[in-house]
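What follows is a single structure, written as structure tokens, with notes after it.
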Amino acid sequence: MYINNYYLVFFKYLSLIIFFSGFFSCLFFEKFDYIPFYSSFFLLFILFNSYKKEKNKFDLLQPITAILISFFIGTLLRSYFYVSDEVTAVKKIMLQLGDHDNMFVGLIYIFIAFLFFNFGYHSIKKTNLKFGFFNKIENRLIVGNKLILISLFIIICSCIFFYIYILKMGIAYDDISTLKNLSKKRALKLGDGQFASLSYLNFGVNILQPLYYIIIYFLLTKKKSFFSLHGCLLLITFSILLSFNIINSHRGTPIVMLLTTVFIIKYYTKKIPRFLFLFCIFFSTLLLISMTYLRNNNELIKKIDEVNKNPLTIVVGSLNFLGVTKTSYIINHAKKNNEYLLGKSLFLWTVAPIPREYWKNKPEISIGKDIAKNIYKKRDDNIAGGGVPPGFIAELYLNFGLVGICTGMFIFGLMCSYSYHLIFQKKSLFRFIVYLTIFFPSIFYLIGGDLSRIIIKFIFLLIIFSMLLFLMSKKKQILIK
């Protein structure tokens, strides 16, 4: 998705002007509380400056954009609420553990992280290495009848997994019909404060996600109508995924799926149907507000009426982005207690395949629950969920301190650049879909989340995507004259 460099130059220097004018006005008028907010614009300038440019244009969907979105919401917008003059419940939820002074620590370490990411990202200009996965898939054709049969089989299996999940979680009919406990974070309590997320059942339902994008790929490349049988399969697939995500209070997944669909159609048709775009915006906003309202009362955001009424504060109030305060709190806690994980959290994904039902003392795959309990003091051992993902920068510090941030972000930048060039050696709809549905979201969720959980999801999606495509397709016949 290429855009003229003029836009990049405009926003780059606009952010720099806002930083300098705001910073010096804070010093002149002694409004020191506003310095962290204006400092965020300098970090924004660094991100804008990180984009790789081709002649007079740049690709908006570079990995930098995933980081920029998370930073914009979790740091820049959030810091605005800190410095606002209004003393409201919204401001209290944004501040959470302290005052705005804590933000300086997070800003400094995010600045260092961005610099080393930049070094790694620009170390690779292009790559001549080939990835056989793409060539093999692109040399195959999806067969419509195979797609229908396999899709029906997967939909039936996913419904069975969904039903078993409902039974194991003890979700009653009254919970659904009366909206009581309809949407909340769920886990199966095993005793001794341990919970099982039933990941294997989650995967059984979420296999529909790669199927959803494969059907879109087929509809576009074969120029099939969205009102055809294949289109009906697409609608059924999305409906099941939507229901499962509502049950588990996963607000982001269905919204991201809708927006991704719009981008895929835009890439292939070179235009966005106005009705589809407006519908996605309306439905996403409605979904965001309604699912937040339905969340159970033990969650901090649900208790704040002002947050429930404003879609912006719902998003900014989330702790799933690259947040300046959570970065500060976690780093300050590690410094104060001299507690470092020495790589432990970076390899928790290796034990993920083992169900917790059979290994009661299995380590938590995500360190979010420990952070919520020990740093945020907001977790109840008798309640499922409630974790606080540290963000990749804070997680690197938790493991190896400043050295971890410098080394880890350099490698992260290197891998982002390498993956981007490897995928887009050749322009195709298939490569675009793989990048937009697997690689790009992984970068976005990683910068605000934690490594092990993202690796699990990345591997799962890549394997399922590959298997389904091979099962549904056949080799292209090459005619020799």
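At position 296 of the sequence shown (counting the first as 1) the number is 321 in the working numbering, and the numbers step up by one without a gap. Don't be surprised by glycine CBs; every beta carbon is placed ideally from N, CA and C.
Check, Outcome
"Quick test of the definition: if touching needs 3 or more C-beta pairs under 8 angstroms, does the region 34-45 touch the region 64-80?", "yes"
"Starting from F83, follow the beta strand (DSSP E) in both directions and report where the run begins and ends.", "K82 to D84"
"Taking three-plus beta-carbon pairs below 8 angstroms as touching, is the region 454-461 in contact with the region 349-357?", "no"
"So for K500, helix, strand or coil by DSSP?", "strand"
"Quick check on the burial criterion: 16 or more other C-beta atoms within 10 angstroms. Buried or exposed for M282?", "buried"
"In the DSSP output, what is K78 paired with across the bridge?", "F83"
"Taking DSSP as the reference, what is the three-state secondary structure of N362?", "helix"
"Alpha carbon to alpha carbon, what distance is there between W374 and E79?", "37 angstroms"
"Name the two residues that bound the continuous alpha helix (DSSP H) containing I89.", "P88 to F96"
"Measuring straight from C-alpha to C-alpha, what distance separates K37 and Y27?", "17 angstroms"
"Excluding the 5 residues preceding and the 5 following M497 in the sequence, name in chain order all residues of the same chain whose CB lies nearer than 6 angstroms to its CB.", "I167, K171, L172 and I175"
"To the nearest angstrom, how far is the alpha carbon of G145 from that of K361?", "30 angstroms"
"Give the C-beta separation of L52 and V349 to the nearest angstrom, bearing in mind that I take them to be a contact with Cβ-Cβ under 8 angstroms.", "Incorrect: roughly 21 angstroms between the Cβ atoms, too far for contact."
"Is the Cβ-Cβ distance between I289 and T262 less than 8 angstroms?", "no"
"Please state the DSSP three-state secondary structure of Y27.", "strand"
"For S274, which of I181, M316, F139 and F464 has the nearest alpha-carbon?", "M316"
"Assuming the contact rule is C-beta atoms closer than 8 angstroms, I448 and L487 should be a hit. Round their C-beta distance to whole Å, please.", "The pair is not a contact, with the Cβ atoms about 12 angstroms apart (cut-off 8 angstroms)."
"Please work out which residues of its chain come closer than 8 angstroms, Cβ to Cβ, to I297, disregarding the five sequence neighbours upstream and downstream, and give them in chain order.", "V287, I290 and K291"
"What residue range is occupied by the uninterrupted alpha helix (DSSP H) comprising R276?", "That residue, R276, is in no alpha helix (DSSP H); it is neither H nor E in DSSP."
"Assess, as a yes-or-no matter, whether the region 364-379 is touched by the region 478-495 under the definition of 3 or more beta carbon pairs within less than 8 angstroms.", "yes"
"What number of angstroms, rounded off, separates the C-alpha of G416 from the C-alpha of S253?", "42 angstroms"
"Is I468 near I92, with beta carbons less than 8 angstroms apart?", "yes"
"May I have the straight-line CA-CA distance separating L367 from N424, to the nearest angstrom?", "4 angstroms"
"Using DSSP bridges, identify the partner residues of R165.", "K500"
"So the candidates are R276, F300, T294 and V341; which of them puts its Cα closest to the Cα of S309?", "R276"
"In three-state DSSP terms, what is L347?", "coil"
"Going straight from the alpha carbon of F251 to that of K500, what length do you get?", "26 angstroms"
"What separation, rounded to the nearest whole angstrom, lies between the Cα atoms of T100 and N164?", "44 angstroms"
"Which of helix, strand or coil does DSSP assign to Q234?", "helix"
"To the nearest whole angstrom, what separates the beta carbons of N143 and K82, a pair I think is in contact under 8 angstroms?", "20 angstroms between Cβ atoms; not a contact."
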